[in-house]
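Chain order of the listed sequences is Y and S.
Just remember that this note's numbering sits 149 ahead of the position in the first sequence, which is counted from 1.
Just remember that this note's numbering sits 149 ahead of the position in the second sequence, which is counted from 1.
Protein chains: 2
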Amino acid sequence: MAHQHPEPSAAQTGPEPAAPTPPRRRSRPTIGDVAALARVSKATVSFVVNGRAGVSSRARQRVLEAAAELGWQPSAGARALSTRRAQALGLVIRRPPELLSTDPFFPQFLAGVESGLSPLDYALVLQVVETEEAERNAYERLSHDGRADGVFLTDLQLDDRRPVLTDRLGLAALIIGPERPDSPVPALGVDDAEGVRRAVEHLHALGHRRIGHVSGAEGYVHAEARRRAWTAALDDAGLPEGPVEAADFTGAGGARATHGLLDLPEPPTAILYANDLMAIAGIAAATGRGLRVPEDLSVVGFDDIPLSEYIAPPLTTIRQDVIAWGRAAAQQLVSLAQGHPFQATALPPVEFVARASTAPPAR
Amino acid sequence: MAHQHPEPSAAQTGPEPAAPTPPRRRSRPTIGDVAALARVSKATVSFVVNGRAGVSSRARQRVLEAAAELGWQPSAGARALSTRRAQALGLVIRRPPELLSTDPFFPQFLAGVESGLSPLDYALVLQVVETEEAERNAYERLSHDGRADGVFLTDLQLDDRRPVLTDRLGLAALIIGPERPDSPVPALGVDDAEGVRRAVEHLHALGHRRIGHVSGAEGYVHAEARRRAWTAALDDAGLPEGPVEAADFTGAGGARATHGLLDLPEPPTAILYANDLMAIAGIAAATGRGLRVPEDLSVVGFDDIPLSEYIAPPLTTIRQDVIAWGRAAAQQLVSLAQGHPFQATALPPVEFVARASTAPPAR
DNA sequence: TTGTAAGCGTTATCAG
DNA sequence: CTGATAACGCTTACAA
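(1) With the cut-off set at 8 Å, would you say Leu142(Y) and Arg358(Y) are in Cβ contact?
(2) What are the residues of the region 241 to 263 of chain S that lie near chain Y, defined by any Cβ-Cβ distance shorter than 7 Å?
(3) How far does the beta strand (DSSP E) with His357(Y) in it reach, from first residue to last?
(4) Would you call Pro171(Y) buried or exposed, if buried means 16 or more other Cβ atoms sit within 10 Å of its Cβ?
(5) Buried or exposed for Gly239(S), going by 16 or more other Cβ atoms inside 10 Å?
(6) Which parts of the region 319 to 389 of chain S are runs of the beta strand (DSSP E), unbroken and 3 residues or longer, counting only runs that do not cross its ends?
(7) Only counting runs of 4 or more residues, tell me where the alpha helix (DSSP H) segments fall wholly within the region 176 to 208 of chain S, in order along the chain.
(8) Just the chain Y side, please: which residues come within less than 7 Å of Glu458(S) by C-beta, in chain order?
(9) Quick one: what's got a C-beta closer than 6 Å to Val339(Y)'s C-beta in the same chain, skipping five residues either side?
(10) Taking DSSP's pairing of strands, which residues face Thr466(Y) in a bridge?
(11) Please state if the CB of Gly400(Y) and the CB of Glu459(S) are separated by a distance shorter than 8 Å.
(12) Find the residues of chain Y that neighbour Val274(S), judging by a C-beta separation of less than 8 Å, and give them in chain order.
(13) Closest to Val300(S) by C-alpha separation, out of Asp252(S), Ile242(S) and Ala386(S), would be which residue?
(14) Quick check: what's the CA-CA separation for Leu440(Y) versus Ala435(S)?
(15) Could you tell me the boundaries of the beta strand (DSSP E) in which Gly299(S) lies?
(16) Going by C-alpha to C-alpha distance, which of Pro416(Y), Gly319(Y) and Leu305(Y) sits closest to Leu485(Y)?
(17) Distance, Cα to Cα, Arg290(Y) vs Ile324(S)?
(18) Pro417(S) and Ile360(S) look like a contact to me (Cβ under 8 Å); what is the Cβ gap, rounded to whole Å?
(19) Determine the direct distance from the alpha carbon of Pro463(S) to that of Arg504(S), and round the result to whole angstroms.
(20) Measuring only between beta-carbons, confirm whether Asp412(Y) sits less than 8 Å from chain S.
(21) Assuming contact is defined by CB atoms lying nearer than 8 Å, are Phe501(S) and Pro256(Y) in contact in what I supplied?
(22) So what does DSSP say about Tyr271(Y), is it helix, strand or coil?
(23) Thinking just about the alpha-carbon of each residue, which of Asp452(S), Ala430(S) and Asp384(S) is nearest to the one in Ala396(S)?
(24) Return the CA-CA distance between Ala167(Y) and Leu426(S), expressed in angstroms with no decimal places.
(25) Give the residues of chain Y in contact with His293(S), contact being defined as C-beta atoms less than 7 Å apart.
(26) In whole angstroms, give me the CA-to-CA distance for Ile180(Y) and Gly344(Y).
(27) Taking only three categories from DSSP, how would you classify Gln492(Y)?
(28) Please state if the CB of Gly475(S) and the CB of Leu248(S) are separated by a distance shorter than 8 Å.
(29) Does Glu444(S) come out as helix, strand or coil in the three-state DSSP assignment?
(30) For Arg174(S), count the other beta carbons within 10 Å of its own beta carbon; 16 or more makes it buried, fewer makes it exposed. Which is it?
(31) Give a yes or no on whether 8 Å exceeds the smallest Cβ distance from Gly226(S) to chain Y.
(32) On a CA-only basis, which of Thr380(S), Phe491(S), Gln480(S) and Glu367(S) is nearest Leu307(S)? Give me that one, please.
(33) Are any of the Cβ atoms in chain S nearer than 8 Å to that of Arg405(Y)?
(34) Grouping DSSP H, G and I as helix and E and B as strand, with all else coil, what is Leu307(S)?
(35) Name the one or two DSSP bridge partners that Ile420(S) has.
(36) One question on the structure: do Arg312(Y) and Val334(Y) come within less than 8 Å of each other, judged by their Cβ atoms?
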C-alpha cells in the first residue's frame, strides 16, 4: 500500500489521499503505488513486469499504464532480497597498481563484459584489491551480501585457491583463461598457442634461429601458457631451445629482461614477449643499446594494444579479441549463475599481426 | 526465530534439533539465527553489529559469540532495503572502445576509487555504455533500482546534461574534472594548468618559440581545459600563439594531428600533447618522417602512463596522481551520498616530469 | 484470472 | 536496557 505514509490500508481502494502537509522529498513509487493506481494487487503487478502468464490483458494494460504514469520500475534490491539473486556479477581484480594501469586487458574485458551483461539486465560489481587476503574476503562478501550471483576469476595462478573457495561458497564462477585440470570451476579462454606458433613460424621463416622469450609474471597460468606455447612452437619448428627471461608484464620488467637476454654471450636475434607493453619497452631498451629494431633485433609482442600500431617501428604482435572474450564470458557466467550447465563457447581465435618490428636477422 | 526452517519456536530454548532429512543447501545464517542462539532479539543483534548504545555487555558478548559461531555477517542487501541505501557507488563509462582500452585513466581511477571505498565498505557498480541514451538510462536505472547511492560523472562534455539529470533524480553525484560554472553538482579535479605552464616554461627555457598543441577530443571539458591552459601559458611566457590541431586522445588521432602540424609552412619545434598516448604516436609519426626526437622536434605528453618511461626516447610529460584522485573522489562522493555537504579536498598537484623527449630546437 | 498473506534479512519505533 | 513488531519493496505460494 501507500508506501512510507502513515495511512491505513484504506488507501488500497483508491488513489492516494492527499496527505496533510506531505513530507517533501517524495521517494520513488513502489509496486504498491502502481497496484493501487491500477486497482489491482501487488501480485498482479509483479506478474505483469515479470511477464508471467495469468493476467488478463485488461489488467496488464492498466498496470502498464499505471507504471508508466508513475515512472515506476522494480527495485533491484528488493527483488534481490526476495529472489535471493542479485542480478549482478562480480569481478575482483588483484593486481599491482602499475600493471593495472597499463595493461589493456581489463578495460577491454570490462567493455566486453558490459556489452554482454546489459542486454541481460545484469549489473557488474567491481572490486580492486591488493592482497590475497583482501581478495578472498571480497569473494566471500560478494557472495554473502548477495551482491553478486557469480564471479569472474581472472589472473589465475598455478596454485590458485579461488576455484575451491567459490565452490565452497556455492558461488557460480568462471575462470577467464586456459582450462585447468581438475578444476571445480569451468574456464573460458582463447588458445594462445596458435598465435605463438604463428609468431615463431614467422620468425623462423625470416631466418631467425635464436628466438628468446620474455615471459610474464611467474606463477600466472596465462604467463605459463604462453611460455609453454613458445617452447612447443620452437620444437615444432625444429629450432633449438631458446633463452627465456622471466619478467612481470611491466615496462620496467620488460626492459630489464631484454637487457638480460641481450647480455648473453649468444644473444637472440628475435624476442617474443608475453605482452605488448614489455615488447615496447624492449624495443626502447634495445634501441638504447645502439641496436636497431628490426635490423638487429626482431620483436614480437602479445595483445595488440592500440598503441602498438603507432610506435616506431610498428609492433608485430598477436591480437586477441578481448572484447568478444569478455562478452562471451559474461553470457556464460550469467547462464551458470542461473543454474544452467556450462557449455563450451567458441571464441574468436588469436590473430597474428605482422608489422615492422620483425625482419630477417642481420647475421 | 529459526530461519527458513519449519521447526516451531521451541528451537529457541536449545540448539537446533537435527531436522530429519535436512534439505541440502543450507543457506546462510540470518540475524534471526544469531538472535536465537544468543537468546536476544533481532534488534539487539542489530544494535551490537552497528555499535549502538543500549546493549548490556553481557548481551553484547553473547551476540558476538553467537555471530562468530554461526559465521554470520549482516546481509548488505537486506540492510540496503531497510536503510534505503545501496552502500554502493556507480560509475558509468561512455567511451569509444579504443580509447577505453588504452587510456590509463580509468584503470588507475578505479584502483583509487576502490582504495577509498573498501575501508568504508562501499561497493562499486560499473557500467560501460556506448551511446548517450544508454548513458542516461544507466544513471536512471542505477538511481531508481537503488543500486547506487551516488555516481561519478567522468569525461564531462561542455554541454553535458548529466549534472541536471542527477540533480533531478535526487542522486548524489560528483564531477571528476575541472569545476563547472553554475553546476548543480560539485566537481573534484586537479588543476591541469599548473603542469601545462611548467611544460611550456620548460620548452621556452630550452629555446623553443613555436610550440604546437595536439588537443583532445573536442567538446570534452578536460580537453578544453588543457588547451586553454596551453594558450594561457604561451601568453604568460610572452610567446606568440602556436598552432593547434584537434585530435581525439587516440594513437591514430595523435599521429594524424602530428602530421598536420608538421605539414605547416612553419612547423612547430615542440609539441604539447593532451595525453601520452597521442604523444607517443606523435613521436613515431615524426620519426617516420625522418625527424629525430628530440633533436628536430621536442615532445611533451600528459598523464605519465607507466610506458612513457620505457619508450625511446623516454617521454617528458605531466604526471597526475590519478589513484589519489580516485581515492579522494570516492571519499567525497560517499560523504555526499550520506548527505554531508561538499567540502573541497586538496589533491596532489600535477607534476612536470622532464625526460629525454625534449631538447633545445635545432634551428 | 485475481487477491491475500507470508516470506526475504535488515533497521527502526516504541512500549516494557 | 530489551524485545516485539512494523516497515522496506518485492516475489510467490495458496486461496478465492
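A virtual CB, placed ideally from N, CA and C, is assigned to each residue, including glycine.
To lay it out plainly:
(1) Only positions 150 to 512 of chain Y appear in this structure, which leaves residue 142(Y) out of reach.
(2) Pro246, Glu247, Leu249, Ser250, Thr251, Pro253, Phe255, Pro256, Gln257, Leu259, Ala260 and Glu263
(3) Careful: His357(Y) lies outside any beta strand (DSSP E) and carries neither H nor E.
(4) Any answer about Pro171(Y) is weak, because its pLDDT of 29 lies below 50 and its placement is not dependable; what the coordinates show is given next. Pro171(Y) comes out exposed.
(5) buried
(6) 321 to 325 and 360 to 364
(7) 180 to 187 and 191 to 198
(8) Within chain Y, the C-beta atoms nearer than 7 Å to that of Glu458(S) come from Gly400, in chain order.
(9) Gln469, Leu496 and Val499
(10) Val502(Y)
(11) For the sequence presented, residue 459(S) should be read as Tyr rather than Glu. Yes, the pair counts as a contact, with Cβ atoms nearer than the cut-off.
(12) Within chain Y, the residues placing a beta-carbon under 8 Å from that of Val274(S) are Ala237, Ala272, Leu273, Val274 and Leu275, ordered along the chain.
(13) Residue Ile242(S) is the option with its Cα nearest to Val300(S).
(14) When rounded, the separation of the alpha-carbon atoms in Leu440(Y) and Ala435(S) is 20 Å.
(15) Run containing Gly299(S): Gly299 to Leu302, per the beta strand (DSSP E) assignment.
(16) Gly319(Y)
(17) 29 Å
(18) Contact flag correct, Cβ pair sits at about 6 Å.
(19) Roughly 6 Å between the two C-alpha positions.
(20) no
(21) Going by beta carbons, Phe501(S) and Pro256(Y) fall outside the 8 Å limit.
(22) coil
(23) Ala430(S)
(24) Note that Ala167(Y) scores a pLDDT of 31, beneath 50, so its modelled location is shaky and nothing firm can be said.
(25) Arg177 and Gln222
(26) 54 Å
(27) coil
(28) no
(29) Here Glu444(S) sits in coil by DSSP.
(30) Low confidence applies here, because Arg174(S) scores a pLDDT of 30, under 50, leaving its location unreliable; read the following figure in that light. It is exposed - the Cβ of Arg174(S) has fewer than 16 other Cβ atoms within 10 Å.
(31) yes
(32) The residue among Thr380(S), Phe491(S), Gln480(S) and Glu367(S) with its C-alpha nearest the C-alpha of Leu307(S) is Glu367(S).
(33) no
(34) Here DSSP, grouped into helix, strand and coil, assigns Leu307(S) to coil.
(35) Gly361(S) and Val448(S)
(36) Looking at the sequence provided, one finds Pro at residue 312(Y) rather than Arg. Closer than 8 Å, so yes.
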